[in-house]
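Under UniProt numbering, think of the first position of the sequence shown as 1, with each following residue one higher. Backbone N, C-alpha and C define an ideal beta-carbon position, used for all residues, glycine too.
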Amino acid sequence: MAKIVQSTARAVVAYVVDPVARFLLRIGVSPDAVTIAGTVGVLIGSYLGAQGHLFWATVIVTACALTDVLDGTMARIRGGSSKFGALLDSSMDRIADGAVFGAVAFYLAGEGNPYGGLVAALISLVFGQVVSYVKARAQSLGLNADVGIAERLERLLIVGAGGLLGAAGLEWGLPAALWVLAVLSVITAFQRLLHARRTEPKAPAA
């Protein structure tokens with residue numbers, strides 16, 4: 001079921017993103033420029049979120065986070081990402097994720113940690129980084145960890161939904177989304193570890 005939801009969400013995003021990617025390439029914008037611009041936008045949105053402007057923070061962060069899909073699509077259309085482009089993209093993703101969840105944690109701490117949302121934000125931050133690290137490290141070791149029910153796009157959409165609920169005046173909305181995200185992030189981290197273990201080549205018999 002999770003894979004069906006993921007595939008549907010990504011298909012909808014791709015339907016919107018592909019024409020934009022082709023247009024930007026035509027006017028000479030590079031995928032790396034989009035990566036950096038998206039990260040700057042996320043930092044601005046995160047600052048607004050930390051100040052309690054949840055609606056505009058959610059709108060800006062969600063829009064800018066979609067550049068993660070946009071720059072990858074641009075690289076694919078252009079014939080593949082460079083090694084530096086891939087490194088830049090991963091590095092900017094980690095900065096953006098840290099800013100988002102750091103801002104959420106800061107905001108919830110100021111609100112008195114409703115429903116333990118601060119704890120959930122910190123768990124989501126830590127395990128979100130672990131999820132990404134396991135995949136990257138597995139690939140460097142020749143293993144496969146490209147699985148999981150909560151990849152980066154899904155994680156940002158979940159916290160975005162919580163932000164909108166919070167902006168609508170529902171105090172429980174953001175903490176609830178963060179607790180769901182915390183659980184899914186922990187599950188995804190262990191999913192990737194177990195999958196990588198299964199893909200390790202068997203040692204030859206002595």
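Count the other CB atoms within 10 Å of the CB of residue i; is the residue buried (16 or more) or exposed (fewer)?
i, result
"I60", "buried"
"P31", "buried"
"I123", "buried"
"G79", "exposed"
"S132", "buried"
"R155", "buried"
"A168", "exposed"
"L141", "exposed"
"S91", "exposed"
Which residue wins for smallest C-alpha separation from residue i, given the options the options?
i, options, result
"D146", "L193, T67 and T62", "L193"
"G163", "A37, A138, A105 and A189", "A105"
"W172", "M74, V69, S82 and G116", "G116"
"R22", "L54, Y47 and V69", "V69"
"R94", "G110, A136 and F55", "A136"
"F190", "I158, G166, T35 and E151", "E151"
"L88", "V34, L66, V134 and C64", "V34"
Once you ignore the five residues that flank residue i on each side, which residues in its own chain have a CB closer than 6 angstroms to its CB?
i, result
"G45", "A57, I60 and V61"
"D96", "Correcting the residue identity first, residue 96 is Ala in this sequence and not Asp. Correct list, in chain order: T39 and V42."
"P114", "E171 and P175"
"A103", "S46, G49 and A50"
"L118", "A105, L108 and A109"
Could you check whether the Cβ of residue i sits closer than 8 angstroms to any Cβ belonging to chain B?
i, result
"Q129", "This model lacks chain B altogether; it includes just one protein chain."
Quick one: what's got a C-beta closer than 7 angstroms to residue i's C-beta in the same chain, skipping five residues either side?
i, result
"G52", "Y107"
"I187", "I149"
"G166", "L54, G173 and L174"
To which residues of the same chain is residue i closer than 8 angstroms at the C-beta, ignoring the five residues directly before and after it?
i, result
"G98", "L125 and Q129"
Which runs of the alpha helix (DSSP H) fall wholly inside the stretch 2 to 87 and span at least 4 residues, in chain order? Whole alpha helix (DSSP H) segments, 4+ residues: 2 to 26, 31 to 50, 54 to 65 and 67 to 78.
Secondary structure, alpha helix (DSSP H): runs of 4+ residues fully inside the stretch 89 to 168: Whole alpha helix (DSSP H) segments, 4+ residues: 117 to 140 and 152 to 167.
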